[in-house]
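> If you count by our numbering, then the sequence shown holds residues 51 to 168, one letter each, in order.
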Amino acid sequence: MIILYGIKNCDTIKKARRWLETQGVEYQFHDYRADGLDADLLNGFITELGWEALLNTRGTTWRKLDEARRESIKDAQSAAILMSEMPAIIKRPLLCVPGQPMLLGFNESNYQQFINEV
């Protein structure tokens with residue numbers, strides 16, 4: 051089962067979902083806000099992808115943080131705490147099939163390759 055993780059009102063999530071649907075790909079959407087984000091799931095993402103890749107430092111949520119909070123994020127533990135508190139700060143979308151490498155971000159050719167390998 052393919053799972054797409056993210057937040058439903060994100061424009062990139064909308065593009066990814068549209069692409070998957072256009073290609074006839076069955077998937078489950080997991081909205082961090084509506085469906086939650088438990089520590090085990092988040093730590094699994096961090097273990098595989100690294101906290102630096104997951105932390106969206108280019109988005110509005112990051113820019114709205116005060117300087118002291120941004121500077122306090124120095125390792126996986128501090129990043130995980132922030133991501134748990136503010137799931138919108140997680141880079142998205144995250145495409146996942148259990149037992150396969152995860153795909154972070156949206157790019158049509160990368161998605162096509164990912165789907166072909168599943």
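Beta carbons: idealized from backbone N, C-alpha and C, even for Gly.
The model shown is predicted, which means the values in this text are computed figures rather than measured ones.
1. Please report the distance separating the alpha-carbon of P151 from that of G56.
2. What three-state label does DSSP hand G74 in the structure shown?
3. Is L145 closer than 7 Å to L54 when the C-beta atoms are compared?
4. Should A130 go down as buried or exposed, given a rule of 16 or more other Cβ atoms within 10 Å for buried?
5. Between M133 and T111, is the Cβ-Cβ spacing less than 7 Å?
6. Taking the alpha helix (DSSP H) that L104 belongs to, which residues open and close that run?
7. Can you give me the C-alpha to C-alpha distance between A84 and C60, rounded to a whole angstrom?
8. Given a cut-off of 7 Å on the beta-carbon distance, is the pair K65 and L104 in contact?
9. Indicate the three-state DSSP secondary structure (helix, strand or coil) for F79 in the structure shown.
10. Report, in whole angstroms, the separation of the C-beta atoms of Y82 and I52, which I expect to be a contact under 8 Å.
11. Run through the DSSP bridge pairs and tell me what I53 is partnered with.
12. What is the residue span of the alpha helix (DSSP H) that N166 lies within?
Quick look at the numbers:
1. 17 Å
2. coil
3. yes
4. buried
5. no
6. 101 to 104
7. 13 Å
8. no
9. strand
10. Actually they are not in contact, since the Cβ atoms of Y82 and I52 sit about 17 Å apart, beyond 8 Å.
11. Q78, C146
12. 158 to 167
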